[in-house]
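Engineer: Residue numbers (the numbering used here), protein chains in the order written: chain A, 19 to 129; chain B, 608 to 1318.
Note that CB positions come from ideal geometry on N, CA and C, so glycine has one too.
Next up is a structure, given as structure tokens.
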Amino acid sequence: MELSKYMRDGVTVVSLEGDLDSHSAPEAHSDLAELLPGAGSMLLDLHRLRYMSSAGLRMLLLTYRRARDENVRMALAAIPDEINALMAATGFLDAFTVTSTVSEGVRELAT
Amino acid sequence: MSATTPDWTERIDAYPTHRIAGFDVRAGRPLPFGATRVPGGVNFSVYSNNATEMTLVLFQRGEPKPFAELTFPGAFRTGGAYAMTVLGLDADSIEYGYRADGPWQPEAGHRFDRDRILSDPYAAVISGGERWGEPRGGDLYRHRAALSYQDFDWAGDRQLDLPLRDLVIYELHVRGFTRHPSSGVAAPGTFAGLVEKIPYLKRLGVNCVELMPVFQFDENDTHGRQAPEGVRLYNYWGYSTVAFFAPHAAYAATSEYGMQVDEFKNLVKQLHRNGIEIILDVVFNHTAEGDERGPTISFRGLDNRTYYMLTPEGYYYNFSGTGNTLDCNQPVVRGFVLDCLRYWVSEFHVDGFRFDLASILDRASDGTPLPNPPLIEALAADPILRDTKLIAEAWDAGGLYQVGSFPNYCRWSEWNGKYRDTVRRFLKGDIGTTGELATRLLGSPDLYGERGPTASVNFVTAHDGFTMHDLVSYNEKHNDANGEDGNDGESHNRSWNCGHEGPTDDPEVLALRGRQVRNALLLLLCAHGVPMLLAGDEAGRTQHGNNNSYCLDEPSWFDWSLTETNADLLTFTRRVIAFRRSHPVLRRQLHATGRSPDGVLPEVSWHGTRAWTPDWSAHSRLIAMMFADHGDCVYLAVNAHWEGHEIELPQLPDERRWHLFADTWAACAAREPGQEPVLDEQDWAFLGPRSVMVLVARATDGIGQREEWRT
């Protein structure tokens, strides 16, 4: 699991690459916590995510909640189709703000 | 007072005391039973009163062979419960099972065999059967126990607690409902697919779905039956449970991720959000292990003598017709059933249960019916289940028939098989049924006088038997595809093909069938009691005369193109459901009597071709009833005669006038509730051949509709 961060139009964009499962989730969780900006907004770009397990979904939701508690606006962008179907079928999708592309996500969060 | 609480993230017992098979372990907690995530690892707890030794067997997910076997040390046993916490396990990636050692003495009821790996009766997830119909992995261990997460975000959801009298139940098969390509859903045949159809259910107007079995079963288990050429047989219905705590993996779009628990919970949450309750059809009368020739999955190997009703020689009693019978009133089994139902109510928020062949739950260990069966009583009195709907299929395959006499503690409802039989007989024209029909339409006070009409779940069709379309299209069952030479299934269906067996293009036959279906729907939805519809009947679903499709997959699917072909029937059904929901007089809590609570009209009155003059004689095929209470008034006339009759209408005592809601003889069989046209002629009406008419009394300008009331 690789995380990379860059700024775009004042939005912290974090790209997740690889498998997000019970092995990688704890480390990704703490990495994301560190990357969480003090204020403002964060977009998770998921388009390089290959696999997501239930542990990964739960990690994302915990990060999302933590962001909300710290008044950081957060969204998910470019969710691969299969992971999107998994999130839809289990109801996780409803919990997040979701955009289809990174640009769209940045636009949404930058406003 | 300090606002901060110390954050003790570590438990003082979070260290291992033993090392077994390379794993750090400590004595576990016996409760809760099953496998539970704990900080640092997993707690395993399993019980058997007769085993002499227990071993935990661990697999990496999907691997054919185990990676570890940990025998429980004596110090980890409390009575007959074996509990161990294994540290450093990744709960997401393991599957587990048990080996139970003990005597092999079939004549004494013991069938221990430590060579077999057994599934956990409390398994939250069964892995290995993710795709419908694909063979289960590995000969060594097929139905593999695994863990779930229990932290679903319910967002405030809870059971809806709809009053029973307001329910309109819709019985469906999770796979059959959306598996057909015409369903148009993204996840066909799954819990997620059902979520996609909630708008349809809502529009139809039903407020409760009853799911045919969703506990893990083995759809490939066909008891070795020989399929006719070109047919593949399945255990399609699923009345043969493998694991009572696990949602069926092949019904989840996400089970390859082990997320069937989340997917099922999301289904419940979305149903509740749309005002729809969920009742589960549960099968506690037997298990998938069959008799001594069947597979050993779990119970047989863990403690055969405790779980099953055994003959004095150690063979299996077969009151279920499926090989074995769970000994539900054995105290350990009783506890297991209670644990299971509590789990589905507290963990999954389900609203109720329908118990398959519930009369078996009345029997003692030797099969004798008990007057005061401890399990039934315990379920009726349980605090967690207090508001849970309990519905009995009040008969079993051993000849116990208890419709109206099921031990109920004023708590249980029943599938009213007599309602079904009477409505069918009356509609096809059997004589001598008018009086009984009247009793059935009143919520069967002869059976449920003490409990009220809501004890009666009324139905004309259910999964077991003909669909509504087939009920009016076939005299005989056509079960050849089931591979039992047509011998399976009910032979006495009280069905009538309306003049031609099976498909026809004879317009007269088709018109009569259409009318008979609508007649049945009106009698179902205007009767006192709790109506239950079989999914697809609102669109004319057919099984081509097969009245026992338990083993057929594709032929049982709901073809959604029927909702367009038979759009008028769908509209009719929707209107009749809406009519029921807008008339409290049809949804009584207490049985109607001849008394007149508002001093004007009696709660129920009976009529014939002459008002106030019902014909109860044996040859009578026409009866009309009027329900009235607190200003709500509905009149229903049914004619099973092949000729039409003029009927005199009861005179209304005030400014209200008769309005026509439904007339199955007319071109427009039912109106939109609230928009019923006034009858030109208020004193009499023409009741067509084999037809039903429903009138509502109200002021023509719409005034005179009363407010919602409750008894």
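What separation, rounded to the nearest whole angstrom, lies between the Cα atoms of Gly36 of chain A and Phe110 of chain A?
Structural biologist: Start at 1 with the first residue of the first sequence, and residue 36 of chain A comes out as number 18. Start at 1 with the first residue of the first sequence, and residue 110 of chain A comes out as number 92. Approximately 20 Å, taken between the alpha carbons.
Engineer: Flag this pair as touching only if the region 1055-1070 of chain B and the region 1252-1270 of chain B have three or more C-beta atom pairs under 8 Å; answer yes or no.
Structural biologist: Touching, no, given that fewer than three Cβ pairs across the two stretches are closer than 8 Å.
Engineer: Just verifying my parser: in three-state terms, what is the DSSP assignment at Tyr914 of chain B?
Structural biologist: Here residue 914 of chain B refers to the residue found at position 307 of the second sequence. Reduced to three states, the DSSP call for Tyr914 of chain B is helix.
Engineer: Check whether the region 949-957 of chain B touches the region 923-940 of chain B, taking contact to mean three or more Cβ pairs, one atom from each stretch, closer than 8 Å.
Structural biologist: Not touching, per the Cβ criterion.
Engineer: Who are the Cβ neighbours of Asp27 of chain A in its own chain at under 7 Å, not counting the five residues just before and after it?
Structural biologist: Against the first sequence, residue 27 of chain A aligns to sequence position 9. Cβ within range, chain order: Val124 and Ala128.
Engineer: Roughly how many angstroms separate the alpha carbons of Asp49 of chain A and Leu21 of chain A, rounded to a whole number?
Structural biologist: As a working mapping, residue 49 of chain A is identified with position 31 in the first sequence. As a working mapping, residue 21 of chain A is identified with position 3 in the first sequence. When rounded, the distance between both Cα atoms is 8 Å.
Engineer: Does the region 645-664 of chain B come close enough to the region 701-709 of chain B to have 3 or more Cβ pairs within less than 8 Å?
Structural biologist: The answer is yes - the region 701-709 of chain B touches the region 645-664 of chain B, with three or more Cβ pairs under 8 Å.
Engineer: List the residues of chain B that Gly123 of chain A touches, going by C-beta distances under 8 Å, in chain order.
Structural biologist: Mapped onto the first sequence, residue 123 of chain A falls at position 105. Those within 8 Å of Gly123 of chain A in chain B number zero; the least Cβ separation is about 22 Å.
Engineer: How far does the alpha helix (DSSP H) with Asp49 of chain A in it reach, from first residue to last?
Structural biologist: The count along the first sequence starts at 1 and reaches residue 49 of chain A at position 31. Start and end: Ala43 to Leu53.
Engineer: Between Gly783 of chain B and the rest of its own chain, which residues show a CB-CB distance below 7 Å, the 5 nearest in sequence each way excluded?
Structural biologist: Residue numbering aside, residue 783 of chain B sits at position 176 when the second sequence is read from its first letter. So the qualifying residues of the chain are Ser1163, Trp1164 and Phe1165.
Engineer: Buried or exposed for Val816 of chain B, going by 16 or more other Cβ atoms inside 10 Å?
Structural biologist: Residue mapping note: residue 816 of chain B aligns to position 209 of the second sequence, counting from 1. It counts as buried.
Engineer: According to the neighbour-count rule (16 or more other Cβ atoms, all chains shown, within 10 Å of its Cβ), is Pro938 of chain B buried or exposed?
Structural biologist: Taking the second sequence and counting its residues from 1, the one referred to as residue 938 of chain B is at position 331. Classification for Pro938 of chain B: exposed.
Engineer: Give every residue of the same chain whose Cβ lies closer than 8 Å to the Cβ of Thr1216 of chain B, excluding the five residues on either side of it in the sequence, and list them in chain order.
Structural biologist: Reading the second sequence from its first residue, position 609 is the one you call residue 1216 of chain B. Excluding positions up to five away in sequence, the list reads Asp1222, Leu1229, His1252, Glu1253, Ile1254 and Glu1255.
Engineer: With a threshold of 16 other CB atoms inside 10 Å of the CB of Asn650 of chain B, please say whether the residue is buried or exposed.
Structural biologist: By 1-based counting over the second sequence, the position of residue 650 of chain B is 43. So Asn650 of chain B counts as buried.
Engineer: Could you check which residue in B:Phe871, B:Leu1302, B:Thr797 and B:Gly1295 has the C-alpha nearest to that of Leu1286 of chain B?
Structural biologist: Here residue 1286 of chain B corresponds to residue number 679 of the second sequence, with the count starting at 1. That would be B:Leu1302, whose Cα lies nearest to the Cα of Leu1286 of chain B.
Engineer: Which of the three DSSP states is assigned to Thr659 of chain B in this structure?
Structural biologist: For the purposes of this step, residue 659 of chain B is taken as the residue at position 52 of the second sequence. Of the three classes helix, strand and coil, the one that applies to Thr659 of chain B here is coil, per DSSP.
Engineer: At the level of alpha carbons, what is the spacing between Glu1315 of chain B and Pro1191 of chain B?
Structural biologist: For the purposes of this step, residue 1315 of chain B is taken as residue 708 along the second sequence, with counting starting at 1. For the purposes of this step, residue 1191 of chain B is taken as residue 584 along the second sequence, with counting starting at 1. Bear in mind that a pLDDT of 41 at Glu1315 of chain B, under 50, signals an unreliable position, so the number given afterwards is only what the model happens to contain. Their Cα atoms are separated by approximately 7 Å.
Engineer: Buried or exposed: which applies to Thr975 of chain B, given that a residue is buried once 16 or more other Cβ atoms fall within 10 Å of its Cβ?
Structural biologist: The count along the second sequence starts at 1 and reaches residue 975 of chain B at position 368. When all chains shown are included, Thr975 of chain B counts as exposed.
Engineer: How far does the alpha helix (DSSP H) with Thr1172 of chain B in it extend, from its first residue to its last?
Structural biologist: Taking the second sequence and counting its residues from 1, the one referred to as residue 1172 of chain B is at position 565. Residues Leu1169 to Thr1172.
Engineer: Please report how far the alpha carbon of Leu992 of chain B lies from the alpha carbon of Ala96 of chain A, in whole angstroms.
Structural biologist: Translated into positions along the second sequence, residue 992 of chain B becomes position 385. Translated into positions along the first sequence, residue 96 of chain A becomes position 78. So the alpha carbons of these two residues sit roughly 44 Å apart.
Engineer: Quick one: is Ser609 of chain B buried, meaning 16 or more other Cβ sit within 10 Å of its Cβ, or exposed?
Structural biologist: Position 2 of the second sequence, counting from 1, holds the residue named residue 609 of chain B. Since pLDDT at Ser609 of chain B reaches only 42, below the 50 mark, its modelled position is unreliable, and no value is offered.
Engineer: Under the rule that 16 or more other beta-carbon atoms within 10 Å means buried, what is Ile733 of chain B, buried or exposed?
Structural biologist: Counted from its first residue, the second sequence places residue 733 of chain B at position 126. Looking at its Cβ environment, which holds 16 or more other Cβ atoms inside 10 Å, Ile733 of chain B is buried.
Engineer: Does DSSP put Ile627 of chain B in a helix, in a strand, or in coil?
Structural biologist: Counting from one through the second sequence, the residue named residue 627 of chain B turns up at place 20. DSSP places Ile627 of chain B in strand when its eight states are reduced to three.
Engineer: At a cut of 8 Å, does the region 1070-1088 of chain B reach the region 1122-1139 of chain B through at least three beta carbon pairs?
Structural biologist: Output reads yes: the region 1122-1139 of chain B touches the region 1070-1088 of chain B.
Engineer: Return no unless some Cβ of chain A is closer than 8 Å to the Cβ of Ala610 of chain B.
Structural biologist: The residue you call residue 610 of chain B lines up with position 3 of the second sequence. Interpretation of Ala610 of chain B is limited by its pLDDT of 46, a score under 50 that renders its predicted location unreliable; the figure taken from the coordinates is listed afterwards. No, because no Cβ of chain A sits closer than 8 Å to the Cβ of Ala610 of chain B.
Engineer: Return the CA-CA distance between Ala688 of chain B and Asn657 of chain B, expressed in angstroms with no decimal places.
Structural biologist: Here residue 688 of chain B refers to the residue found at position 81 when the second sequence is read from its first residue. Here residue 657 of chain B refers to the residue found at position 50 when the second sequence is read from its first residue. Between Ala688 of chain B and Asn657 of chain B, the C-alpha separation is close to 11 Å.
Engineer: In chain A, which residues lie with their C-beta within 7 Å of the C-beta of Ser700 of chain B?
Structural biologist: Position 93 of the second sequence, counting from 1, holds the residue named residue 700 of chain B. In chain order: Ser40.
Engineer: If we define contact as Cβ-Cβ less than 8 Å, is Arg13 of chain A a contact residue for chain B?
Structural biologist: Any question about residue 13 of chain A goes unanswered here, given that chain A covers just 19 to 129.
Engineer: In chain B, which residues lie with their C-beta within 7 Å of the C-beta of Ser71 of chain A?
Structural biologist: Counting from one through the first sequence, the residue named residue 71 of chain A turns up at place 53. Going along chain B in sequence order, the residues near Ser71 of chain A (Cβ under 7 Å) are Asp699 and Tyr864.
Engineer: By a C-beta neighbour count over all protein chains shown, 10 Å radius and 16 as the cutoff for buried, is Tyr622 of chain B buried or exposed?
Structural biologist: Your numbering for residue 622 of chain B matches position 15 in the second sequence. Counting Cβ neighbours within 10 Å, Tyr622 of chain B comes out exposed, since fewer than 16 surround it.
Engineer: Among residues of its own chain, excluding the 5 on either side of Ala793 of chain B, which ones have a beta-carbon nearer than 6 Å to its beta-carbon?
Structural biologist: Within the second sequence, residue 793 of chain B is the residue found at index 186, counting from 1. Result list for Ala793 of chain B: empty, nothing under 6 Å.
Engineer: If contact means a Cβ-Cβ distance below 8 Å, which residues of the region 85-110 of chain A contact chain B?
Structural biologist: Residues Ala103, Leu104, Ala106, Ala107, Thr108, Gly109 and Phe110.
Engineer: So is Asp768 of chain B buried or exposed if we call it buried at 16+ other beta carbons inside 10 Å?
Structural biologist: In the second sequence, residue 768 of chain B corresponds to position 161, counting from 1. Per the 10 Å Cβ criterion, exposed.
Engineer: Which residue comes first and which comes last in the alpha helix (DSSP H) that contains Arg1305 of chain B?
Structural biologist: Residue 1305 of chain B sits at position 698 when you count from the first residue of the second sequence. Per DSSP, Arg1305 of chain B belongs to no alpha helix (DSSP H); it is in the beta strand (DSSP E), Ser1298 to Arg1305.
Engineer: Could you please give me the residues that DSSP links to Cys935 of chain B through a beta bridge?
Structural biologist: The count along the second sequence starts at 1 and reaches residue 935 of chain B at position 328. According to DSSP, which records beta bridges pairwise, Cys935 of chain B is partnered with nothing at all.
Engineer: Using only CA atoms, which one of B:Thr643, B:Asn842, B:Asp631 and B:His625 lies nearest to Cys1158 of chain B?
Structural biologist: Stepping through the second sequence from its first residue, residue 1158 of chain B is reached at position 551. When each option's Cα is compared against that of Cys1158 of chain B, the closest is B:Asn842.
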